[in-house]
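Asks: Can you read through this structure? Questions will come right after.
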Amino acid sequence: MEVFNLVPWENNDLFTWTSMINAFGHNLYVAEAENLFYQMEILNITPDNAAWNALACAYSRTCKISKLSGLLNDMKKFGKTPSKYVINTLIVSFGTINLSQLNEIRKIIKMMHKIDFDPQIDLVSYHILITTHLKE
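Below is the structure:
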């Protein structure tokens, strides 16, 4: 973080921000990852799907169910349509953290159909869903 802070923020591109969010999340520093993510909004840096996925992974690694639940709503607020990677991360997270989250998974699947994902993406998502639940 020290090196990141030494570089003037205008020189830190989206890739740099996303890498830092991913690194914090991977090392279980979720508050720091989340803080960086929302600092991007303040600095008018629009998070892409990779940044959203990094935040979803951070929440998943630390079992932050309520944060995961709010992620899709936050994406709507930012005017973002979730990518297949974000959706699949959410499905895996809800499935592996707690099977009682089936209602959340159903909401995600309904949303997938509203967005009109192509059938191949649906197939991958359903495969992840089935595989995740077979492990329990």
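Going by UniProt numbering, the sequence shown opens with residue 1, and the numbers climb by one from there.
Every residue, glycine too, gets a C-beta built ideally from N, C-alpha and C.
Every value quoted in this text rests on a predicted model; they were computed, and no experiment measured them.
#1: What span of residues does the alpha helix (DSSP H) with T16 cover, start to end?
#2: Once the 5 residues before and after T131 are set aside, which same chain residues still bring their CB inside 8 angstroms of it?
#3: What number of angstroms, rounded off, separates the C-alpha of V32 from the C-alpha of I45?
#4: DSSP state of S69, grouped into three classes?
#5: Applying the criterion that 16 or more other CB atoms from any shown protein chain within 10 Å of the CB defines a buried residue, is L68 buried or exposed?
#6: Going by CA-CA distance only, name the one from L36, S93 and M111 that's closest to F24.
#7: Rounding to the nearest angstrom, what Cα-Cα distance links T16 and N53 in this structure?
#8: Which of the three DSSP states, helix, strand or coil, is assigned to I45?
#9: Using DSSP with H/G/I as helix, E/B as strand and the rest coil, what is residue 137?
#10: Would I21 pass as a contact of L55 if the rule is Cβ separation under 8 angstroms?
#11: Just to confirm, are L14 and D48 a CB contact at a threshold of 8 angstroms?
#12: Mapping the DSSP letters down to three states, classify F94 as helix, strand or coil.
#13: Return the CA-CA distance between A50 and S19, expressed in angstroms with no decimal places.
#14: Tell me which residues share the same chain as I105 and place their Cβ nearer than 7 angstroms to its Cβ, disregarding the 5 neighbours each side in the sequence.
Replies: The answer reads as follows:
#1: Here residue 16 refers to the residue found at position 16 of the sequence shown. From DSSP, the alpha helix (DSSP H) with T16 extends over L14 to H26.
#2: The count along the sequence shown starts at 1 and reaches residue 131 at position 131. Within the same chain, T131 has no close Cβ partners at all.
#3: On the sequence shown, residue 32 is found 32 positions in, with the first residue counted as 1. On the sequence shown, residue 45 is found 45 positions in, with the first residue counted as 1. Val is not the amino acid found at residue 32; the sequence shown has Glu there. So the alpha carbons of these two residues sit roughly 17 angstroms apart.
#4: The residue given as residue 69 occupies position 69 in the sequence shown. Three-state result, S69: helix.
#5: The residue you call residue 68 lines up with position 68 of the sequence shown. Buried, because 16 or more other Cβ atoms sit within 10 Å of the Cβ of L68.
#6: Against the sequence shown, residue 24 aligns to sequence position 24. Nearest C-alpha to F24: L36.
#7: Position 16 of the sequence shown, counting from 1, holds the residue named residue 16. Position 53 of the sequence shown, counting from 1, holds the residue named residue 53. Near 15 angstroms, if we compare the C-alpha coordinates of N53 and T16.
#8: In the sequence shown, residue 45 corresponds to position 45, counting from 1. Of the three classes helix, strand and coil, the one that applies to I45 here is coil, per DSSP.
#9: The structure shown does not extend to residue 137, since the chain is modelled only from 1 through 136, so no value can be given for it.
#10: The residue given as residue 21 occupies position 21 in the sequence shown. The residue given as residue 55 occupies position 55 in the sequence shown. Yes, Cβ-Cβ distance for I21 and L55 is below 8 angstroms.
#11: As a working note, residue 14 is residue 14 in the sequence shown. As a working note, residue 48 is residue 48 in the sequence shown. The answer is yes: Cβ separation under 8 angstroms.
#12: As a working mapping, residue 94 is identified with position 94 in the sequence shown. Residue state, collapsed to three classes: helix.
#13: Here residue 50 corresponds to residue number 50 of the sequence shown, with the count starting at 1. Here residue 19 corresponds to residue number 19 of the sequence shown, with the count starting at 1. Looking at the two C-alpha atoms, the distance is approximately 9 angstroms.
#14: Indexing the sequence shown from 1 puts residue 105 at position 105. If we look at I105 and ignore the five residues flanking it on each side, its Cβ neighbours are I91, F94, G95 and L129.
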